[in-house]
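> My questions will all concern the structure given below.
Number of protein chains: 2
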Amino acid sequence: MRWARYISDGKTFYGIYENEEINEVRGSPFEGYTLSNIKHKISDVKLLAPVIPPTFYAAGINYERHIREAAEILGRDPILPEKADIGYRAANAIIAHDEPILIPKDATEKIQYEAELVVVIGKEVKNVSRENSLECILGYTIGNDVSERTWQAQDRTMWRAKNTDTFKPMGPWIETNVDLDQMETSVALNNKELIKFKTSSMIFGVEEYIHQITKYLTLHPGDVIWMGTDGASPNMSHGDICEITITGIGTLRNSIIKLS
Amino acid sequence: MRWARYISDGKTFYGIYENEEINEVRGSPFEGYTLSNIKHKISDVKLLAPVIPPTFYAAGINYERHIREAAEILGRDPILPEKADIGYRAANAIIAHDEPILIPKDATEKIQYEAELVVVIGKEVKNVSRENSLECILGYTIGNDVSERTWQAQDRTMWRAKNTDTFKPMGPWIETNVDLDQMETSVALNNKELIKFKTSSMIFGVEEYIHQITKYLTLHPGDVIWMGTDGASPNMSHGDICEITITGIGTLRNSIIKLS
């Protein structure tokens, strides 16, 4: 099942998306819902990011090739994480599928994508075993952890490198039925595929992260966990179109606009 | 004016607190409100944290003595921040005035308070000048940035060191009228005052942070900015009572319970 969040007639709704149509609901997948008899063509509504999370978690570095290639670029030894320490991103930066990524005029040319599987939490949980960890998940969507690498290297935190407004595209919808082991993540820049990796080849998987996080933190409905990316990325420039596809979910597409 | 958020008859309200009474409102200070004719004694309601922020900002290190004393304890040279790079905390960890700070059973004895002025944003703003930066502020409250120092040193991020459930007491209410230059922050552990500092002796003040943040990020109503703390802190143990007082706001009081 696919959950879309969208604007219709100036109001925000959730709906179930199937065969190019969205069946509007009253309520939401988090608090409960009833189907309405209103249906929209998906082309007739404006999609929103499928959720604004109460807390926005991000694994950060969680694929080995990403760490090795980033270390090589920086001329450092690669340091693999020893445990599933989670990080954070910020809700101000979230945009939807097909909204533009706006690059501030004082940013450098080092603006790069990071293609990530996003876990969307559906239930409040704490102290979850690895075995039961997937039960609290509503579904999965796609995130682009857009990064300004010069700021990332210079600043004391990743606040503007990762959380400048529009730097966190997320969508297009939440897919509730996926096969985590069979998924592939691929990225195309201007229709040219640049990388493809097994979504499941994470250092620490979804189960491990949820198990470790919930030893100390309560996860809430709508919280998201961005699971990290693989490989290194080229710079993106004004006018580029970045498309991230994950098997079974769909494609998250955003254009790049450099502000002047 | 003081804004309290509280539970009455199982429902959550905002109200204006004056002379031991809360005047209930319909709406909120963020979206607009009308006064009701319902008044409660403050002792008859359960206070909540005065806001759950869409984004939870934290200055982290922003007082010189805190940096020098922390560096001395760690046997390192103190490194003062060169600019107002902002960090983040997480909403899951927020508790209210008079709720207990729960220490996980596997935490070490190094559980410490950090007494902080909290800025509560009232309006959506971007690209704010230093001169106009205070206009977007609804008011101020008090935060205790409880920290587990062993985890802070060991983990790749500060996720559990700073954001374990209950580690972010905030309250008791939002005070809209303060004199930033005249405030003092003091901390008492079990009724013994351990530190007192000029709230305004920050390395980067509220104006500078809001100016710098909003060059890149939109601040939203309800966002909070925790402004950092001064000095070093002793460890807190099971049964301790930690009280943080800031002139003109009030006192945030929380007990410490070590889970077994």
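From first to last, the protein sequence lines are chains A and B.
Read in order, the letters of the first sequence correspond to residues 1 to 260 in the numbering used here.
Read in order, the letters of the second sequence correspond to residues 1001 to 1260 in the numbering used here.
Backbone N, C-alpha and C define an ideal beta-carbon position, used for all residues, glycine too.
(1) Note down, in chain order, every chain A residue with its Cβ under 7 Å from the Cβ of residue 1220 of chain B.
(2) Specify, as a first and last residue, the run of the alpha helix (DSSP H) that residue 1211 of chain B falls within.
(3) Given that residue 104 of chain A touches chain B, what residues does it touch there, using C-beta distances under 8 Å?
(4) Would you mind sorting residue 253 of chain A into buried or exposed? The rule is 16 or more other CB atoms within 10 Å of its CB.
(5) Give me the DSSP bridge partner(s) of residue 1254 of chain B.
(6) Using a Cβ-Cβ cut-off of less than 9 Å, give me the residues of the region 237-253 of chain A that come near chain B, in sequence order.
(7) Curious, which full-length alpha helix (DSSP H) runs of at least 4 residues does the region 46-78 of chain A contain?
(8) Where do the ends of the alpha helix (DSSP H) carrying residue 150 of chain A lie?
(9) Could you tell me how far apart the beta carbons of residue 141 of chain A and residue 103 of chain A are, in whole angstroms, since I believe they sit closer than 8 Å?
(10) Counting only beta-carbon atoms, is residue 156 of chain A nearer than 7 Å to chain B?
(11) Would the region 220-228 of chain A and the region 57-77 of chain A be scored as touching if the rule is three or more Cβ pairs under 8 Å?
(12) Strictly by DSSP, which residues pair up with residue 1143 of chain B?
(13) Check the Cβ-Cβ distances between residue 145 of chain A and every residue of chain B, and say whether any is below 7 Å.
(14) With 7 Å as the limit, tell me which residues of the region 63-97 of chain A have their beta carbon closer than that to any beta carbon of chain B; keep them in chain order.
(15) May I ask you to list the residues that DSSP assigns as paired with residue 226 of chain A?
(16) Nearest-angstrom Cα distance between residue 1126 of chain B and residue 1216 of chain B?
(17) Is it buried or exposed, residue 1072 of chain B, if we count other Cβ atoms within 10 angstroms and call 16 or more buried?
(18) Please report the residue range of the alpha helix (DSSP H) in which residue 192 of chain A lies.
(19) Per the DSSP calculation, residue 188 of chain A is bridged to which residue(s)?
(20) On the criterion of 16 or more Cβ atoms from any shown chain inside 10 Å, does residue 1246 of chain B qualify as buried, or is it exposed?
(21) Residues of the region 1118-1149 of chain B with a CB closer than 8 Å to any CB of chain A: list them in chain order, please.
(22) If you count every other CB in all the chains shown that lies within 10 Å of the CB of residue 153 of chain A, and 16 or more means buried, which is it?
(23) Reducing DSSP to helix, strand and coil, say where residue 1091 of chain B ends up.
(24) Tell me the rounded alpha-carbon separation between residue 54 of chain A and residue 4 of chain A.
(25) Of all the options A:178, A:195, A:180, which has the alpha carbon lying nearest to the alpha carbon of residue 186 of chain A?
(26) If the cut-off is 7 Å on Cβ atoms, which residues from the region 1157-1172 of chain B count as contacting chain A, listed in chain order?
(27) Give every residue of the same chain whose Cβ lies closer than 7 Å to the Cβ of residue 1238 of chain B, excluding the five residues on either side of it in the sequence, and list them in chain order.
(28) Can you pull the DSSP bridge partners for residue 4 of chain A?
(29) For a test of the three-state rule: what should DSSP assign to residue 1130 of chain B, helix, strand or coil?
(30) Could you check what DSSP says for residue 23 of chain A in three-state terms: helix, strand or coil?
(31) For the alpha helix (DSSP H) that contains residue 162 of chain A, what are its first and last residues?
(32) Looking at the strands, I want to know which residues DSSP matches up with residue 1219 of chain B.
(33) Are the C-beta atoms of residue 54 of chain A and some chain B residue less than 7 Å apart?
(34) Tell me the DSSP bridge mates of residue 32 of chain A?
(35) Could you tell me whether the region 105-117 of chain A touches the region 1008-1018 of chain B, where touching means 3 or more Cβ pairs closer than 8 Å?
In short, the structure shows the following:
(1) The residue you call residue 1220 of chain B lines up with position 220 of the second sequence. The contacting residues are 92.
(2) Counting from one through the second sequence, the residue named residue 1211 of chain B turns up at place 211. DSSP places residue 1211 of chain B inside the alpha helix (DSSP H), whose first and last residues are 1206-1213.
(3) The residue labelled residue 104 of chain A in the question sits at position 104 within the first sequence. In chain order: 1215, 1216.
(4) By one-based count along the first sequence, residue 253 of chain A stands at place 253. So residue 253 of chain A ends up on the buried side.
(5) Along the second sequence, read from residue 1 onward, the residue named residue 1254 of chain B stands at position 254. Paired residue(s): B:1242.
(6) Here the close residues number zero.
(7) Entirely contained in the region 46-78 of chain A, the alpha helix (DSSP H) runs reaching 4 residues are, in chain order, 64-74.
(8) In the first sequence, residue 150 of chain A corresponds to position 150, counting from 1. Per DSSP, residue 150 of chain A belongs to the alpha helix (DSSP H) from 149-154.
(9) What you label residue 141 of chain A is simply residue 141 of the first sequence in a count that begins at 1. What you label residue 103 of chain A is simply residue 103 of the first sequence in a count that begins at 1. About 23 Å; that fails the 8 Å criterion.
(10) On the first sequence, residue 156 of chain A is found 156 positions in, with the first residue counted as 1. Yes - at least one Cβ of chain B is within 7 Å of the one on residue 156 of chain A.
(11) By the Cβ test, the region 220-228 of chain A is in contact with the region 57-77 of chain A, since at least three Cβ pairs between them sit closer than 8 Å.
(12) In the second sequence, counting from the first residue as 1, residue 1143 of chain B sits at position 143. Looking at the DSSP assignment, residue 1143 of chain B forms a beta bridge with B:1116, B:1170.
(13) In the first sequence, counting from the first residue as 1, residue 145 of chain A sits at position 145. Among the CB atoms of chain B, none fall inside 7 Å of the CB of residue 145 of chain A.
(14) Within the region 63-97 of chain A, the residues whose Cβ lies closer than 7 Å to some Cβ of chain B are 81, 85, 86, 87, 88, 90, 91, 92, listed in chain order.
(15) Here residue 226 of chain A corresponds to residue number 226 of the first sequence, with the count starting at 1. For residue 226 of chain A, which the question treats as bridged, DSSP gives the partners A:58, A:118.
(16) Translated into the one-based positions of the second sequence, residue 1126 of chain B becomes position 126. Translated into the one-based positions of the second sequence, residue 1216 of chain B becomes position 216. Distance between residue 1126 of chain B and residue 1216 of chain B, taken at the CA atoms: about 8 Å.
(17) On the second sequence, position 72 is the one that residue 1072 of chain B refers to. Exposed, since its Cβ has fewer than 16 Cβ neighbours within 10 Å.
(18) Locating residue 192 of chain A in the first sequence gives position 192, where the first residue counts as 1. Segment 192-198 is the beta strand (DSSP E) holding residue 192 of chain A; no alpha helix (DSSP H) there.
(19) In the first sequence, counting from the first residue as 1, residue 188 of chain A sits at position 188. Residue 188 of chain A is bridged by DSSP to A:193, A:243.
(20) Start at 1 with the first residue of the second sequence, and residue 1246 of chain B comes out as number 246. Buried, because 16 or more other Cβ atoms sit within 10 Å of the Cβ of residue 1246 of chain B.
(21) The region 1118-1149 of chain B vs chain A, Cβ under 8 Å: 1126.
(22) Numbered from 1 along the first sequence, position 153 holds the residue referred to as residue 153 of chain A. Exposed: under 16 other Cβ atoms inside 10 Å.
(23) Your numbering for residue 1091 of chain B matches position 91 in the second sequence. Helix, per DSSP.
(24) The sequence position of residue 54 of chain A within the first sequence is 54, counting from 1. The sequence position of residue 4 of chain A within the first sequence is 4, counting from 1. The straight-line gap separating the alpha-carbon atoms of residue 54 of chain A and residue 4 of chain A is approximately 18 Å.
(25) Numbered from its first residue, the first sequence carries residue 186 of chain A at position 186. Among A:178, A:195, A:180, the Cα nearest to that of residue 186 of chain A is on A:195.
(26) So the list reads 1157, 1159, 1160, 1163, 1164, 1165, given in the order they occur along the chain.
(27) On the second sequence, position 238 is the one that residue 1238 of chain B refers to. Counting only residues of its own chain and dropping the five nearest sequence neighbours on each side, residue 1238 of chain B has a CB closer than 7 Å to the CB of 1256, 1257, 1258.
(28) Looking up residue 4 of chain A in the first sequence gives position 4. According to DSSP, residue 4 of chain A bridges with A:15.
(29) Residue numbering aside, residue 1130 of chain B sits at position 130 when the second sequence is read from its first letter. Note: residue 1130 of chain B maps to coil in three-state DSSP.
(30) Position 23 of the first sequence, counted from the start, is the residue given in the question as residue 23 of chain A. In this structure, residue 23 of chain A counts as strand in the three-state DSSP scheme.
(31) For this step, residue 162 of chain A is matched to residue 162 along the first sequence. For residue 162 of chain A, the uninterrupted alpha helix (DSSP H) run begins and ends at 159-163, by DSSP.
(32) Numbered from 1 along the second sequence, position 219 holds the residue referred to as residue 1219 of chain B. Beta-bridge analysis with DSSP links residue 1219 of chain B to B:1125.
(33) Here residue 54 of chain A refers to the residue found at position 54 when the first sequence is read from its first residue. Chain B, which has a Cβ nearer than 7 Å to the Cβ of residue 54 of chain A, makes this yes.
(34) Looking up residue 32 of chain A in the first sequence gives position 32. Looking at the DSSP output, residue 32 of chain A bridges to A:28.
(35) Remark: fewer than three beta-carbon pairs, one from each stretch, lie closer than 8 Å, so the region 105-117 of chain A and the region 1008-1018 of chain B are not flagged as touching.
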